[in-house]
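Protein sequences, first through last, are from chains C and W. Residue numbering for the first sequence follows the working numbering, starting at 18 and increasing by one per position. Residue numbering for the second sequence follows the working numbering, starting at 18 and increasing by one per position.
There are 2 protein chains.
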Amino acid sequence: MLETKAQRQSDRRAEILDAAERCFARAGFHRASMQDICGEAAMSPGNLYRYFPSKEALIAGICERNRAEAVASFALVDQAPEFFEGLAGLARHHLVDRTEDEVALCAEIMAESRRHPDIAQLYQGIEKDIRDRIAGLLKQAAGRDEIRNDLDLDAAASVLMLLGDGMSWRRSVDPSFDAEKVLPLILAMVRGLLAKPDRDAPAHGAKS
Amino acid sequence: MLETKAQRQSDRRAEILDAAERCFARAGFHRASMQDICGEAAMSPGNLYRYFPSKEALIAGICERNRAEAVASFALVDQAPEFFEGLAGLARHHLVDRTEDEVALCAEIMAESRRHPDIAQLYQGIEKDIRDRIAGLLKQAAGRDEIRNDLDLDAAASVLMLLGDGMSWRRSVDPSFDAEKVLPLILAMVRGLLAKPDRDAPAHGAKS
DNA sequence: AAAATGAGAATGAACGTTCACTCCCAGTAA
DNA sequence: TTACTGGGAGTGAACGTTCATTCTCATTTT
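Here is the structure:
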């Protein structure tokens, strides 16, 4: 009884967020009006406002969902047999397999976090979370002797995040960008940065 | 006479663009109103509209200026004695030396180009220009035998641009990001990607 | 005088949000 | 069964505000 009530509410909220995601990905935050979202969600404004108190709350809700998803993807990588393999899987998952809409939405959130202080705080929380997980990954790998141990892990984590941002942005801004094609270069580059210099790295394939 | 007229007009336009840049960097495109810009430029709306026909035209004007500046910075690098040195200089100029406002503005333009088709076209023109110049740099370096010659230059150019975007975004989104600290890692990484494998690369300094 | 330059109030559209109201249905008393 | 009722779900017109843009008129320059 009570359960189903709460469940229904939660489902409805999820539906609304789905609709909002579509609108935001299509038109951006500012150009997607509440009316648009209401239309997409097949719902009147008044009713929508019973589930979310403001447009900003929609954005926040979407952020939270993304965070949950990001965290989940890290859990998957933790189980990879070897560090670079896991990293490659994570990169592929985040940067190649994502749909246009997901990338667009991510770009939108990043852009928005530059202006709305509340969103900025939320987003930076997520960033910190992700950064910590990356640092954890690196530390673990260093412990297992899979990467060089004289690295500034903090700076290395920054580099990895920066690469992620860069690929994500390039995808969302440059229609001719081919993530699939560039990813191997990136991974080779990262390997060069992180791998122990002892075992001489093989030449990365360039001519196909 | 006629010259001074045109000059005055041009100066006035530049002043307005300066004011608009400040406003846009501070508040973003959508939240910076024309009134704000008028205030910053110490000018009435009616008068401002005599110099620029729309808000979008302001954005376009700013884009053009940035393009001109970017092109100029490439000319400087072309004169560097050696490829990696030139690249490092370019990176420093674009990613470390830039002011907060310039980075913010760049982010704003990128975000806006995702929305406004006209801006998108303009921005992609600039991107293409820059990409061509990077490709030219790489080709030249390959010709001089300064970098390996089995590279996919197109993909390598993508990687370099992606790194630039990534650093730029990280700067504008993450206040704790220290470009100065990360740049050496990035450069070492790029060197690993581009340099000829013959001469064994020295270990990049990590522990400071 | 004529043209260029400037000011600032006015305009109209778009937007997020609210509010008064309707609809639907489970529960219950007759 | 039927009639009543309380409240959550849902509606959509309206509100107040903001904003880009335009209009009208004053001032300065040629």
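Beta carbons are placed, not taken as given, at the ideal position from N, Cα and C, and that holds for glycine. Bear in mind the structure is a predicted one, so any value in this text is a computation, not a measurement.
Cα-Cα separation between residue i and residue j, rounded to whole angstroms
{"i": "ASP217/W", "j": "ARG82/C", "result": "Because the pLDDT at ASP217/W is just 48, under 50, the model does not fix this residue reliably, and the value given afterwards should be weighed accordingly. Using only the alpha carbons, I get a separation of about 46 angstroms."}
{"i": "SER27/C", "j": "LYS72/C", "result": "18 angstroms"}
{"i": "ALA159/W", "j": "SER189/C", "result": "30 angstroms"}
{"i": "PRO214/W", "j": "GLY181/W", "result": "24 angstroms"}
{"i": "ALA58/W", "j": "MET51/W", "result": "10 angstroms"}
{"i": "GLN138/C", "j": "SER130/C", "result": "8 angstroms"}
{"i": "LEU107/C", "j": "LEU204/W", "result": "24 angstroms"}
{"i": "ALA97/W", "j": "ALA49/W", "result": "40 angstroms"}
{"i": "LEU202/W", "j": "MET178/C", "result": "13 angstroms"}
{"i": "GLU125/W", "j": "ALA128/C", "result": "7 angstroms"}
{"i": "ARG43/C", "j": "ALA37/C", "result": "10 angstroms"}
{"i": "ALA31/W", "j": "THR116/W", "result": "19 angstroms"}
{"i": "GLY183/C", "j": "GLN24/C", "result": "39 angstroms"}
{"i": "SER61/C", "j": "LEU75/C", "result": "15 angstroms"}
{"i": "ALA220/W", "j": "ARG148/W", "result": "Only weak support exists for where ALA220/W lies, its pLDDT of 45 falling under 50; the coordinates are left without a value."}
{"i": "GLY142/W", "j": "ARG109/C", "result": "29 angstroms"}
{"i": "GLU102/W", "j": "ALA174/W", "result": "17 angstroms"}
{"i": "LEU122/C", "j": "ARG161/W", "result": "43 angstroms"}
{"i": "ALA92/C", "j": "LEU155/W", "result": "39 angstroms"}
Contact with chain C by residue i, beta-carbon distance below 8 angstroms
{"i": "ALA220/W", "result": "With a pLDDT of only 45 at ALA220/W, under the threshold of 50, the placement of this residue in the model should not be trusted, and no figure is reported."}
{"i": "ARG187/W", "result": "yes"}
{"i": "MET206/W", "result": "yes"}
{"i": "LYS156/W", "result": "no"}
{"i": "VAL113/W", "result": "no"}
{"i": "GLU119/W", "result": "no"}
{"i": "ALA124/W", "result": "yes"}
is_contact[residue i, chain W] using C-beta, thresh 8 angstroms
{"i": "ALA128/C", "result": "yes"}
{"i": "PHE100/C", "result": "no"}
{"i": "ARG216/C", "result": "Reliability of the predicted coordinates at ARG216/C is poor, the pLDDT of 48 falling under 50, and the value obtained from them is presented with this limitation in mind. By this cut-off, ARG216/C is not an interface position."}
{"i": "ASP191/C", "result": "yes"}
{"i": "GLY252/C", "result": "Summary: the structure shown does not reach residue 252/C, with chain C confined to residues 18 through 225, and so no result is reported for it."}
{"i": "LEU210/C", "result": "yes"}
Under 7 angstroms from the C-beta of residue i: neighbouring residues of chain C
{"i": "LYS2/W", "result": "Because chain W here runs from 18 to 225, residue 2/W falls outside it and cannot be looked at."}
{"i": "LEU75/W", "result": "In chain order: nothing, as chain C lies at least about 17 angstroms away."}
{"i": "PHE194/W", "result": "SER175"}
heavy atom of the ligand NAD below 7 angstroms from residue i C-beta
{"i": "ILE126/C", "result": "Ligands in the displayed structure: none, and consequently the ligand NAD is not present."}
Element boundaries [alpha helix (DSSP H), containing residue i]
{"i": "PRO62/C", "result": "62 to 68"}
{"i": "ARG82/C", "result": "72 to 95"}
{"i": "ILE126/C", "result": "117 to 130"}
{"i": "ARG187/W", "result": "170 to 190"}
{"i": "ILE143/W", "result": "134 to 160"}
{"i": "PHE194/W", "result": "Careful: PHE194/W lies outside any alpha helix (DSSP H) and carries neither H nor E."}
{"i": "ASP53/W", "result": "51 to 58"}
{"i": "GLY45/W", "result": "Premise fails: GLY45/W is in no alpha helix (DSSP H) and is neither H nor E."}
Within chain W, the residues that residue i reaches when beta carbons sit closer than 9 angstroms
{"i": "LYS198/C", "result": "ASP169, ASP171, ALA172 and SER175"}
{"i": "GLU81/C", "result": "Neighbours of GLU81/C on chain W: none; closest Cβ ~18 angstroms, over 9 angstroms."}
Check whether residue i and residue j have beta carbons under 8 angstroms apart
{"i": "ARG165/C", "j": "LEU211/C", "result": "yes"}
{"i": "ALA152/W", "j": "ASP169/W", "result": "no"}
{"i": "LEU112/W", "j": "SER193/W", "result": "no"}
{"i": "TYR66/W", "j": "ILE33/W", "result": "no"}
{"i": "GLY140/W", "j": "CYS55/W", "result": "The sequence given here places Tyr at residue 140/W; Gly does not occur at that position. Taking 8 angstroms as the Cβ cut-off, TYR140/W and CYS55/W do not qualify as a contacting pair."}
{"i": "VAL176/W", "j": "VAL199/C", "result": "yes"}
{"i": "ARG132/W", "j": "GLY45/C", "result": "yes"}
{"i": "GLY209/W", "j": "GLY63/C", "result": "no"}
{"i": "ASP146/W", "j": "ARG84/W", "result": "yes"}
Chain-ordered neighbours of residue i on chain W, where CB pairs are closer than 8 angstroms
{"i": "ILE136/C", "result": "Chain W residues near ILE136/C: none, gap ~11 angstroms exceeds 8 angstroms."}
{"i": "LEU180/C", "result": "LEU179, LEU180 and GLY183"}
Per-residue contacts from residue i into chain W (C-beta, under 7 angstroms)
{"i": "ILE203/C", "result": "VAL176"}
Contacts that residue i makes with chain C (C-beta to C-beta distance below 8 angstroms)
{"i": "GLU86/W", "result": "Correct list: empty, because the minimum Cβ distance to chain C is about 19 angstroms."}
Contacts that residue i makes with chain C (C-beta to C-beta distance below 9 angstroms)
{"i": "GLU144/W", "result": "VAL190 and ASP191"}
{"i": "ARG132/W", "result": "ALA44, GLY45, HIS47 and ARG48"}
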